[in-house]
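To start, the structure under review is shown below, and the notes come after it.
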Amino acid sequence: MNRTFGDRLRALWRAGETWGRARWARLTHWQAAAGPASESGCVEALYAAEPSRRWQAAAALGQDPMRSPQAVAALVDALVDPEEFVRWQAIEALAHQRGRVFDTLAACLDDSEPLRRAGVAQVLGRLGGEAALQALLPRANDPAAEVRAAVAEALGRLADPAALPALLPLIADPETRVVRAAARALSRLGQPAAAVPLAEALAQPGQPLLARRALAAALADAPHPDAQPQLLAALADPDPQVRGYAASGLGQVGNEAALAALQTLRGDQSRLIEGTVGQQVERALALLDRRGRRAAAADRPAAGAS
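For what it's worth, my numbering labels the leading residue of the sequence shown as -7, then goes sequentially.
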């Protein structure tokens, strides 16, 4: 029997969950096996040949927020580890050091290694604060795509409206991963001024699928009536996820034109991660109906008024 796109999508989702659980189980086992260790031993282990030992060392160093400058320097070195999960653990460990590492990290934003600059940006996003924001803003135009994406993610974590001017150009970035990170960040900012640029980016011809999904998701999270034309066009997107996000956004800000367009998709049985496009459309229509009834009630004259 032929499998539908939705069946394949759900199978991939389950496979990803299984892989993630297996990876997490291995990492948890390594962490449990690490046991207590001296700081000097952990620093030495950060340069071990075995990835598991390097991960264990970074995890152990992250348990104490008062590590020495030598330990901090070793964790900064680990930001360029060949294994992604070791780099992630080094980021987490540095973020636990809070304000004690800011000057060291800020200096590394000029490092020649893109992975280190990207890792530092992620740490600063976790640390938060005005100083982190000011350090990150000029880095949104870094020449390396992985750094631009990391900066966008970090600015999204900070969720400061002052990041809007730095993030908006990134939704036109030639690299899809940067567009996705910027769209997610703008979603967290929730600024109305981002809606039209997001909508215009979504409508760009040839926009890659993953970029369209991220842009449509951001519009669903922070829609605006001025984005309705592009959301209406997105209802015809070949990807069910994009259509579902567009329906969600229109339910929140759409007018009569949105009502008519949504009606045509009530029977869309394309599968989403949860439910179908048609079910998302029904929720959007119900929201439009509630909004219409509230508006009608507000327009009626008060009882007894002349």
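Glycine included, every Cβ here is placed at the ideal spot set by N, Cα and C.
Computed from a prediction, not measured in an experiment: that's the story for all the values here.
Candidates A253, A206, A212 and L38: closest to A228 by CA position:
A253
Can you round the beta-carbon distance between L224 and A250 to whole angstroms, since I take them to be within the 8 Å contact cut?
7 Å
Given a threshold of 16 other Cβ atoms within 10 Å of its Cβ, counted over all protein chains shown, does A278 qualify as buried or as exposed?
exposed
For the segment 150 to 157 against the segment 134 to 141, are there 3 or more C-beta pairs whose distance is under 8 Å?
no
Would you grab the beta carbon distance between L190 and A219 for me? Rounded to a whole angstrom, and I think it's under 8 Å.
7 Å
Please state if the CB of Q81 and the CB of A37 are separated by a distance shorter than 8 Å.
no
Over the uninterrupted alpha helix (DSSP H) stretch that includes Q81, give me the two end residues.
E76 to A87
Sequence ranges, alpha helix (DSSP H) only - wholly within the segment 218 to 285, length at least 4:
220 to 226, 232 to 245 and 248 to 255
Determine the contact status of A187 and L242, defining contact as a CB-CB distance below 8 Å.
no
Between the C-alpha atoms of D103 and A70, what's the straight-line distance to the nearest angstrom?
14 Å
Inter-residue spacing [alpha-carbon to alpha-carbon] between Q244 and Y237:
11 Å
Between the beta-carbon of A175 and the beta-carbon of L207, is there less than 8 Å?
yes
Check the C-beta distance from L178 over to L159 and give it rounded, since I have them as a contact under 8 Å.
6 Å
Length-filtered (4 minimum) alpha helix (DSSP H) runs lying within the segment 184 to 211
187 to 194
Find out if the Cβ-Cβ distance for the pair A87, L129 is shorter than 8 Å.
no
What would DSSP say about A29, mapped onto helix, strand or coil?
coil
Around the Cβ of D73, are there at least 16 other Cβ atoms within 10 angstroms (buried) or fewer (exposed)?
buried
Taking L97 as part of the alpha helix (DSSP H), name the residues at either end of that continuous run.
F94 to C100
Give the single residue among R235, E248, G246 and A290 whose Cα lies nearest to the Cα of Q271.
R235
What residue range does the alpha helix (DSSP H) around S179 cover?
T168 to L181
Cβ shell of D339 (< 8 Å), same chain only, five flanking positions each side left out:
Here the chain covers residues -7 to 298 and nothing more, so residue 339 does not appear.
Own chain, CB closer than 7 Å to A123, minus 5 neighbours either side, in chain order:
F94
Nearest-angstrom Cα separation, counted from I83 out to R108:
10 Å
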